[in-house]
Every structure is written in structure tokens, then in C-alpha cells.
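The opening residue of the sequence shown carries number 1044 in the numbering used here; numbering runs sequentially from there. One structure below.
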Amino acid sequence: MAATHNGHQDELTSEILQVLSQHDPILSSEAFPSQKSADVKSALDRLGSRSMITYETNDREEAVLEPEGQEISANGSHEARVFEALRQAVEGLTMQELEKAVGDKSAVKVGTGKAFKSKWISKGKEGRLVASTDSIEDNTREQLQIIQKTRAHPDPKVVLDLKKRKLVKMQKVISYTIHKGPKFALEMVKEETDLTADMLASGAWKTADFKPYNFKSLGADQNAGALHPLNKVRHEFRQIFFEMGFEEMPTNRFVETGFWNFDALFVPQQHPARDLQDTFYISDPKLADKPHAETKDDKADYEAYWKNVREVHQEGKYGSIGYRYPWAEDESLRLVLRTHTTAISTAMLHKLASKKGPDGRPPPARYFSIDRVFRNETVDATHLAEFHQVEGVIADYDLTLGGLMEFMEIFFTKMGIEDLRFKPAYNPYTEPSMEIFSFHKGLNKLVEIGNSGMFRPEMLEAMGLPKDMRVFGWGLSLERPTMIKYKVNNIRELLGHKVDLSFIERNPAVRLEKT
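Set out below in C-alpha cells:
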């Protein structure tokens, strides 16, 4: 196939040189009307690189008949066909008879109106249609035939009218004006592409013609892989967390039990978040085993934790009156697609409770996670059924709400977000709780950027953490800052099946404006 193409190119370049030797300059569309524009361009570039010819590119638009226009050019306009059918019928025709005579119902519908407007036909006796004149001039057909032959019409208004009637269309035509170059010849001289050892030894290099380097040529597209914008922003967040001494939590469990996702977080079993319209439940299997330890030594600890969670919900414990409802074990064991990564944070804090520091108490810890969560949301420009959550947790002794606010200032400053505002909020597992806002200069208003709070004693003491150990956490979505950084208005263009792959390839790595 390649050999055939190269042979065609050689023939075309030779033909260009032969024609140019007789006429200078020449127009490619007139000299080589049957050749493809791309083939002519390739041949001209070969000759131009050897300075055998020079050429200029000419762009123009020409009119081309649409299928309906081709039919009218061949058979006459709709109105002329209607007139001719009525002229041959001396006593006129009904509409049904006219459609049968013309043989095209849509042509009759269009043509009848235009024929009436031109006063070529009229209504006769009993409502029959009759011809009103002996002869007509089919201007539409004549105009189309002129365009068919010349690709244009002397009157541009005619072309515009025919274009509106969708009888013609405009198409771009590229042609080339070709001139002789400084090294013009009837034959292409073979140019060497490499300087070989044999040429050096024989001295042939002294008289050889070498092909010049084309420094303007573009390299072949390598189709290299590219990181998704979400991964680029995720990398920046991870660097901030590591810089501040955090440990990354394992987030490879997309399926959780209701125990870790809700009950251990002191979320009541009647909470709206546990309804089917908000949460994806697994249908097979529906239930999991009770939380259990990996070793026999921790078995009693997990059994005590299970009992504590049940009691804190049902009767109340650790200074709390609880929710006072009959806690259902099966509800706690239902399998769900996790609705937040806080389920992972809970499991990590439970493991922390069993660790002993130098003073015999659980040591302070800092955990973070960035991974996918799932909620039964209606998908629109700002919501997805699955998205990414960024979460951080700090466990230490004698922490205060003021410390949480100060830490939020430091954390978001590293992201380039300053001037925070805090608003009281409610979460089942944190008290006090705060929504975090920042002033968005582009939108000229305060926008919510995250949620935070201090975990409740009902949650922490149930897993065995000491009373004076405080834990505060905060979270935000990964998609919102990514949309802001990459100026994406529709979240479906960022994640999901509607993502344009070229959008991923052409966007550079993001850098958060750290201050």
C-alpha cells in the first residue's frame, strides 16, 4: 500500500514539473482537477523542500448543489412541474389528481404555493386547479444549472436565496498557485539523507546532494498517558498532609457494614442518611459478620466494643442518655457502599485505643484519607452518585475547639485559602460541629469549603479511648477545589463517562497557591 502511494506521489511531482515547464505560474485546481488537494499539497512540499518550486495557498468558497437542488436541475423546479402537469390537463386537476400526475406529494405541496404566488396557476370550476398562462420561465432551474457548471452565480443574492431554501451549500476549496523555484528542473535529483562511511571513503560526499533538515516539521504524536486532574489535585493534598505529619489511612474497602459506617459513629438507625434514597445497599449478600479481631487476643476487645455501641444507642452511656430505641443487630450488619471515609477513621481510632504509649495510654495520632465515597444522589451539574472525600483526623489530649479553628486556618492557608468563617452545624457524631466557609473572589460571596467538629464521647469512649483524649476531624470534597482550579462548571465533565479524554491530556499539573 505504501509503495503504491509513493509511486503515485512520484508521478504527480513529475506531472507538476512538466506542466510548470510550459506555463508559469499554474493553478492546481485547473491543471490537476482530478487530484486530491492533500496529494497535491504533499507533492508541492516535496518539490518546495528542494527549492524546485514555490507556491501560495488559495482559499475560497464555492456553491455546490444539495440533493434536492440536483433533482431540480435535472427535472425542473417543483412549481414548474406543477404548472406543466396542469398545462397538459385541459380541464384542470384536483389536488389528489395533481399529486398522482407529478408523482411526488411533497413537491406538489411546495410547488403549488410557489406557482400560486407567481400567478402561474389558479382555481377553476369546482375548485379544480388550472394553468393561468401558456408558458413560464423556470428561473430556479436555470440558476441551479449555472451553479452546477460554474460553481458560482453572477448574482450573490441568488446564491444566498438558494442556500436559505437548502438547495445549495457552500464548501471550502483549497487550491495552489505554483511558480518555478530557483532550482527548477524537469527531474528530481536524488538527495542523500545520511552521510555513510562508504561515501567518506570514496569521496562521493563531495558531489552528493544532501536533503536539508526541516526544522519546522512536527514530531510524531507520542500519545503519552496523562494524569487525571483529580489525581493531580489529590497529589497536592497528600503533600500537605505529609508535610504536617499525618499518616495515610488504608481506604481500599468500598463496602462497609452499617456498624462502621453508621452505628460506631453514633448515627441512629432511624437517621434519614440510612434510607434507601440516600444510601446504596448491597443486595447479595445483604448481611456481614460481626466485627471481629484478627487475633484471639483482641477478641474480647471487639466483643466489648460491640456491646458498648449497642448500649450507648439503646440505654445511653458515658454520661449520655443515648437515643433510647431498640437497637437492631441486623440493621448494623447490613452491607453498604460507604457514604463517607469517616467509616475508615472510626476503625483507625478503634485500633489506636488498643495501642500503648510510653505513659501507658494511647499515643497522639494524625490520620488522613482521600478516596471515593458513594451516595444515592440525583446526578446533575453539581452532584454525582460517587465522588471523592478528603478527610483529616487528629487525636490528642486536652484539645479544644479553638485549637481546631486554628488548625483549620493553617491547613487551608497551605491551600491558598484564607479569611475563613465558621458556622455552627449539626452532625450526629461531632459536638460541637462547624461548617467552614471562605470568601470566593470570583463569585463575590462566601462559599462552603468543608465540615468539621470534635467527635462525641459516645463514639470515642465506646471504643476504649480515655476521657481526656479529644479527637477532631474535618472533611471536604476533592471535586470542588479541582473544578475551581480547572475552571470546570459541570462536575460531569470532570468525572464519569462524559469526560473528554483530550481535556485530561491537555491540562497541566496543578499547583495550589500556597502562602
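We put the CB at the ideal spot given by N, CA and C, even for glycine.
Put simply, the segment 1058 to 1066 touches the segment 1089 to 1106. At least three CB pairs are less than 8 Å apart. Judged by their CB atoms, P1509 and R1404 are nearer to each other than the 8 Å cut-off. The segment 1436 to 1460 is shown to contain whole alpha helix (DSSP H) runs of 4 or more residues at 1444 to 1456, in chain order. For A1144, the enclosing alpha helix (DSSP H) has its first and last residue at M1138 to V1145. Under a 10 Å Cβ-count criterion, K1275 is classified as buried, with 16 or more other Cβ atoms of the shown protein chains found around its own Cβ. For P1068, the secondary structure class from DSSP, reduced to helix, strand or coil, is coil.
Straight through space, the alpha carbons of D1327 and A1428 are spaced by roughly 20 Å. In the DSSP annotation of this structure, the continuous segment of the beta strand (DSSP E) that includes W1517 starts and ends at M1512 to S1520. Contact between the segment 1179 to 1191 and the segment 1107 to 1123 is present: three or more C-beta pairs spanning the two stretches fall below 8 Å.
Inter-residue distance for M1287 and F1498 is about 21 Å (C-alpha atoms, whole angstroms). Uninterrupted alpha helix (DSSP H) stretches at least 4 residues long and entirely within the segment 1327 to 1413 occur at 1342 to 1357, 1372 to 1376 and 1385 to 1396, given in chain order.
By the neighbour-count criterion, in which a residue is buried when 16 or more other Cβ atoms sit within 10 angstroms of its Cβ, D1462 is exposed. In the DSSP secondary-structure assignment, Y1098 is bridged to I1221. Residue F1454 holds the alpha-carbon nearest to the alpha-carbon of R1281 among Y1469, S1072, F1454 and N1532. When secondary structure is reduced to three states using DSSP, N1470 falls in the strand class. Within the segment 1159 to 1194, the beta strand (DSSP E) runs of at least 3 residues that lie entirely inside it are, in chain order, 1164 to 1166 and 1172 to 1174.
Each residue's CA atom was taken as its position, placing L1378 and G1493 some 27 Å apart.
When the five nearest sequence neighbours on each side are left out, the beta carbons in the same chain lying within less than 8 Å of the beta carbon of G1518 are those of H1383, T1384, T1385, Q1432, V1433, E1434, G1435, G1493, N1494 and S1495, in order along the chain.
Annotation: L1537 is outside any beta strand (DSSP E) and is labelled neither H nor E by DSSP. Among the bridge pairs identified by DSSP, Q1432 is matched with D1414 and S1520. K1350 and I1460 have their C-alpha atoms some 43 Å from each other. R1464 carries a strand assignment under DSSP once its states are collapsed to helix, strand and coil. The C-beta of G1362 has fewer than 16 other C-beta atoms within 10 Å across all chains shown, which makes the residue exposed. Our two residues, P1406 and K1399, have alpha carbons roughly 7 Å apart in a direct line.
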